[in-house]
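Participant: In the UniProt record's numbering, the protein residues as written are 1 to 327.
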């Protein structure tokens, strides 16, 4: 079991924060992440833990079948332990690993997703950072924690201009958003389809093998874990796609009501997924239906109509949205 032990009392450094809470990692050695439940109300770190474990279990079981038609390429951080605020033994050993003033709370201990290396970080800074901030951002410790959010469902309305004064205020490589048109500009357009298909097969697994709605999950591009091969190799170096953040996921029923729940989650999420009407949508849709079909044959053939229903209702909802935008 990975842990921050009493014998070495590793110092923890804050590497990110979200609505659910802050995320910390050892300053050296152990590739762990510790997510504290110190964010906004209404979020449950225990639900994050349960849903995370369900996704890992589903991925492991599918991989164990050895079926090439169900070969998934996503990486999901290992989930080691849910630590309660009342776990005196753990907190007596590890509270001093956090900065002074922090108190015990619920914590989720998981594998840390490796950040992108320095040469890729500097490439992104040179490409997108406002010129007056480049030196400051390159020297920033916080920007060492670089993961890329691939936004395949959004193109920028206007290309960014790194010299516009309005862009001088802030720049961060943490959860750096990379839109579809930016990927094309970087010359990695050929890999966009691969990313879309990885998202599609992962979503199919979560829906029809895990039985979850995938609400508010996140995808990031980052190096693969040690001992595994990168799925992609391009201007962003050797990397793969990771899946994380499960605290908003909920169980869904295997019927039309569950499909509607999954559709709502899909449309509300950040624009990771391609949208109907984009050329990329067909690739996403085809891979989603292919993997879903193979899963329902294994799980329950009565679910066979549901993946098609999901896709159809996503397309219908998107068309209605588009109609409302037309003046």
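Backbone N, C-alpha and C define an ideal beta-carbon position, used for all residues, glycine too.
#1: Jot down the residue ranges of each uninterrupted beta strand (DSSP E) in the region 153-241, minimum 3 residues, whole runs only, in chain order.
#2: Would you mind working out which of 171, 37, 291, 210 sits nearest residue 61, comparing C-alpha positions?
#3: In chain order, what residues of the same chain lie with their CB nearer than 7 angstroms to the CB of residue 232, ignoring the 5 residues before and after it?
#4: Buried or exposed: residue 28, going by 16 or more other Cβ atoms within 10 Å of its Cβ?
#5: Would you say the beta carbon of residue 249 is closer than 7 angstroms to some non-hydrogen atom of the ligand GTP?
#6: List, from N- to C-terminal side, the alpha helix (DSSP H) runs of 4 residues or more that fit wholly inside the UniProt domain "DUF3669" (241-296).
#7: Alpha carbon to alpha carbon, how far is residue 31 from residue 324?
#8: Taking three-plus beta-carbon pairs below 8 angstroms as touching, is the region 240-250 in contact with the region 67-77?
#9: Can you grab the Cα-Cα spacing for the pair residue 143 / residue 176, in whole Å?
#10: Expressed to the nearest angstrom, what Euclidean distance is found between the alpha-carbon atoms of residue 85 and residue 105?
#11: What's the gap between the Cα of residue 298 and the Cα of residue 57?
#12: Locate the alpha helix (DSSP H) running through residue 95, then write down its first and last residues.
#13: Given a cut-off of 8 angstroms on the beta-carbon distance, is the pair residue 208 and residue 311 in contact?
#14: Going by DSSP, what residue range makes up the alpha helix (DSSP H) through residue 311?
#15: Counting only runs of 3+ residues fully inside the region 10-90, write out the beta strand (DSSP E) ranges in chain order.
Facilitator: With the given structure in hand:
#1: 176-179, 218-222, 232-234
#2: The residue given as residue 61 occupies position 61 in the chain shown. For the residues 171, 37, 291, 210, the minimum Cα distance to residue 61 belongs to 210.
#3: Along the chain shown, one-based indexing puts residue 232 at 232. Closer than 7 angstroms at the Cβ level, and outside the excluded window around residue 232, lie 191, 194, 239, 240.
#4: What you label residue 28 is simply residue 28 of the chain shown in a count that begins at 1. Looking at its Cβ environment, which holds fewer than 16 other Cβ atoms inside 10 Å, residue 28 is exposed.
#5: In the structure on display, the ligand GTP does not appear, and there are no ligands present to speak of.
#6: As far as the UniProt domain "DUF3669" (241-296) is concerned, its whole alpha helix (DSSP H) runs of at least 4 residues are 256-268.
#7: The residue labelled residue 31 in the question sits at position 31 within the chain shown. The residue labelled residue 324 in the question sits at position 324 within the chain shown. Roughly 47 angstroms separates the two Cα atoms.
#8: yes
#9: Position 143 of the chain shown, counting from 1, holds the residue named residue 143. Position 176 of the chain shown, counting from 1, holds the residue named residue 176. One C-alpha to the other measures close to 10 angstroms.
#10: The residue labelled residue 85 in the question sits at position 85 within the chain shown. The residue labelled residue 105 in the question sits at position 105 within the chain shown. One C-alpha to the other measures close to 4 angstroms.
#11: Numbered from its first residue, the chain shown carries residue 298 at position 298. Numbered from its first residue, the chain shown carries residue 57 at position 57. Using only the alpha carbons, I get a separation of about 16 angstroms.
#12: Within the chain shown, the letter at position 95 stands for residue 95. Premise fails: residue 95 is in no alpha helix (DSSP H) and is neither H nor E.
#13: Counting from one through the chain shown, the residue named residue 208 turns up at place 208. Counting from one through the chain shown, the residue named residue 311 turns up at place 311. It is not a contact, given that the beta carbons lie outside the stated cut-off.
#14: The residue given as residue 311 occupies position 311 in the chain shown. Per DSSP, residue 311 belongs to the alpha helix (DSSP H) from 305-325.
#15: 12-17, 22-26, 32-36, 79-83
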